[in-house]
Amino acid sequence: MCASNNMAKKSYDIVKMCLWCGAMSMDVPFNKKAHTIPKSLGGQNYNKFVCDSCNNYFGDRASNNNKYSIEEALKETFIITRTRLLIPGKIKRKVGRFKSKFFEVKEKNGRYSLSIKHQFKFSPGFQNELCHSFKRGLYKMFFEEFNLQKGFGMEAKYDIIRAFARYNKIYLPVFYFRRKIGILALIESEAETPILLFDRIKYLFSDDKFIEIEFLGHVFGFPITDFNTVDLQNYLVESSKLKISFFLPAIELKKLTDIDFTLSIMNN
Ligand SMILES: [Zn+2]
3 MCASNNMAKK SYDIVKMCLW CGAMSMDVPF NKKAHTIPKS LGGQNYNKFV
53 CDSCNNYFGD RASNNNKYSI EEALKETFII TRTRLLIPGK IKRKVGRFKS
103 KFFEVKEKNG RYSLSIKHQF KFSPGFQNEL CHSFKRGLYK MFFEEFNLQK
153 GFGMEAKYDI IRAFARYNKI YLPVFYFRRK IGILALIESE AETPILLFDR
203 IKYLFSDDKF IEIEFLGHVF GFPITDFNTV DLQNYLVESS KLKISFFLPA
253 IELKKLTDID FTLSIMNN
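Start counting the sequence shown at 3; every next residue gets the next number (this note's numbering).
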């Protein structure tokens, strides 16, 4: 065995840097699969550039508030919508299961009923905390998919995303757009294997500072790099121009119930 053979073999080992904490694969393990969209929501993609420690962080209750993890806050929010969108009897693949702590969705003859468990409280403190965890989870899902789909994310300009989602050191606003009319452009398999869309839809705004995403029929907008109040105002004006026919004005998410979980618009 000569040295050149060893070097050739070595070049196949990709050195990875963690998207969240910047740790390198020669220093920390990258063994676990970091699902970008939670597996229990049907997500299939995973991001190789997430170290095990950061992967654990988002799924661990102890790293959040000991009541639910950041990922659970995300799943709780979308599980109802997803159940609502899945066509009974048409599910081809065994989908991930997730037992909700907060909600129970029952389907009978194509009609859905939703009940809320006592663990879900309407008090402002509980709602704000849950919403805060949800927003961090939304950023986590977005950032790992953004990196996977576009290859961006390692750049320092995205540090605000890391500071909020991974380290909870700053506050970032997330805006939600409620639909005016009940038209959902979902592809057939989307509820089964949800995908995160950013720029394929005309009404989704994006520039260097703000981005909008659509997930399971819900539209959210948020900053991705440093911004000031003028940038924020400009964003909201430009975004509303794209949405005027389809959406109500943006609301900044403060409590989880601001989100139309059950896509009530579909009942119209
Ligand atoms: Zn990491």
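Each residue gets a CB set at the ideal place from its N, CA and C atoms; glycine is no exception.
None of the values given here were measured: they were computed from a predicted structure.
Looking at Ser65 and ligand 1, is the gap between the Cβ and the nearest heavy atom below 7 Å?
Taking the sequence shown and counting its residues from 1, one reaches residue 65 at position 63. The answer is no for Ser65.
Indicate, with yes or no, if ligand 1 has a heavy atom lying under 7 Å from the CB of Ser55.
The sequence position of residue 55 within the sequence shown is 53, counting from 1. Within the cutoff, so yes.
Buried or exposed for Phe80, please, with buried defined as at least 16 other CB atoms from any protein chain shown within 10 angstroms of its CB.
Sequence index remark: in the sequence shown, residue 80 carries index 78 (1-based). Looking at its Cβ environment, which holds 16 or more other Cβ atoms inside 10 Å, Phe80 is buried.
Are at least three pairs of beta-carbons, each pair with one atom in the stretch 239-249 and one in the stretch 205-219, less than 8 Å apart?
yes
Hey, could you find the ends of the beta strand (DSSP E) His220 is sitting in?
For this step, residue 220 is matched to residue 218 along the sequence shown. Residues 220-225.
Less than 7 Å between the CB of Ala75 and some heavy atom of ligand 1, yes or no?
For this step, residue 75 is matched to residue 73 along the sequence shown. It does not: the Cβ of Ala75 is nowhere closer than 7 Å to a heavy atom of ligand 1.
Identify the continuous alpha helix (DSSP H) that holds Tyr178 and give its terminal residues.
Translated into positions along the sequence shown, residue 178 becomes position 176. First-last for Tyr178: 177-179, but that is the beta strand (DSSP E), not the alpha helix (DSSP H).
Run the proximity test for Ala165: is its beta-carbon closer than 7 Å to any non-hydrogen atom belonging to ligand 1?
Counted from its first residue, the sequence shown places residue 165 at position 163. For ligand 1, not one heavy atom lies less than 7 Å from the Cβ of Ala165.
Nearest to Lys119 (by Cα), restricted to the options Leu87, Arg138, Val107:
Locating residue 119 in the sequence shown gives position 117, where the first residue counts as 1. Residue Val107 is the option with its Cα nearest to Lys119.
State yes or no: is the C-beta of Ala36 nearer than 7 Å to some heavy atom of ligand 1?
For this step, residue 36 is matched to residue 34 along the sequence shown. No, Cβ of Ala36 sits at least 7 Å from all heavy atoms of ligand 1.
Tell me whether Met143 sits in a helix, a strand or coil according to DSSP, three-state version.
If you number the sequence shown from 1, residue 143 lands on position 141. Of the three classes helix, strand and coil, the one that applies to Met143 here is helix, per DSSP.
Are the beta-carbon atoms belonging to Thr38 and Gly44 less than 8 Å from one another?
Within the sequence shown, numbered from 1, the residue matching residue 38 stands at position 36. Within the sequence shown, numbered from 1, the residue matching residue 44 stands at position 42. Not in contact: Thr38 and Gly44 (Cβ atoms no closer than 8 Å).
When every heavy atom of ligand 1 is checked, does at least one fall within less than 7 Å of the C-beta of Ala25?
The residue you call residue 25 lines up with position 23 of the sequence shown. Result yes, Cβ under 7 Å from ligand 1.
Can you grab the Cα-Cα spacing for the pair Ile82 / Leu76, in whole Å?
Translated into positions along the sequence shown, residue 82 becomes position 80. Translated into positions along the sequence shown, residue 76 becomes position 74. If I take the Cα positions, the gap works out to 11 Å.
Kindly list the residues whose CB is nearer than 6 Å to the CB of Ser6, restricted to its own chain and excluding five residues on each side of it in sequence; keep chain order.
Here residue 6 refers to the residue found at position 4 of the sequence shown. Residue confidence for Ser6 is low, a pLDDT of 45 falling below 50, so the modelled location carries little weight and cannot support an answer.
Could you check what DSSP says for Leu116 in three-state terms: helix, strand or coil?
Along the sequence shown, read from residue 1 onward, the residue named residue 116 stands at position 114. Here Leu116 sits in strand by DSSP.
Does any C-beta atom of chain B lie closer than 8 Å to the C-beta of Leu218?
The displayed structure is made up of one protein chain only, and chain B is not part of it.
Can you tell me whether Glu74 is helix, strand or coil according to DSSP?
The residue given as residue 74 occupies position 72 in the sequence shown. Correct three-state label for Glu74: helix.
Tell me, to the nearest whole angstrom, how far the beta carbon of Asn149 is from that of Phe222; I am working on the premise that it is less than 8 Å.
Your numbering for residue 149 matches position 147 in the sequence shown. Your numbering for residue 222 matches position 220 in the sequence shown. Incorrect: roughly 18 Å between the Cβ atoms, too far for contact.
In the structure shown, what three-state DSSP assignment does Lys243 receive?
For the purposes of this step, residue 243 is identified with residue 241 of the sequence shown, where counting begins at 1. Reduced to three states, the DSSP call for Lys243 is helix.
Out of Tyr178, Leu218, Tyr173, point me to the one whose CA is closest to Lys245's CA.
To locate residue 245, count along the sequence shown from 1; it is residue 243. Of the listed residues, the one whose Cα sits closest to Lys245 is Tyr178.
Which residues share a DSSP beta bridge with Phe212?
Here residue 212 is taken as the residue at index 210 of the sequence shown, counted from 1. Answer is Pro225, bridged to Phe212.
Quick one: what does DSSP say Val30 is sitting in, helix, strand or coil?
In the sequence shown, the residue the question calls residue 30 occupies position 28. Val30 falls in the coil class under three-state DSSP.
C-alpha distance - Gln129 paired with Ile16, whole-angstrom precision
If you number the sequence shown from 1, residue 129 lands on position 127. If you number the sequence shown from 1, residue 16 lands on position 14. C-alpha separation (whole angstroms): 43 Å.
Neighbour-count burial assignment, Arg202, 16 or more Cβ in a 10 Å radius
Taking the sequence shown and counting its residues from 1, the one referred to as residue 202 is at position 200. Classification of Arg202: exposed, given that the 10 Å Cβ count is below 16.
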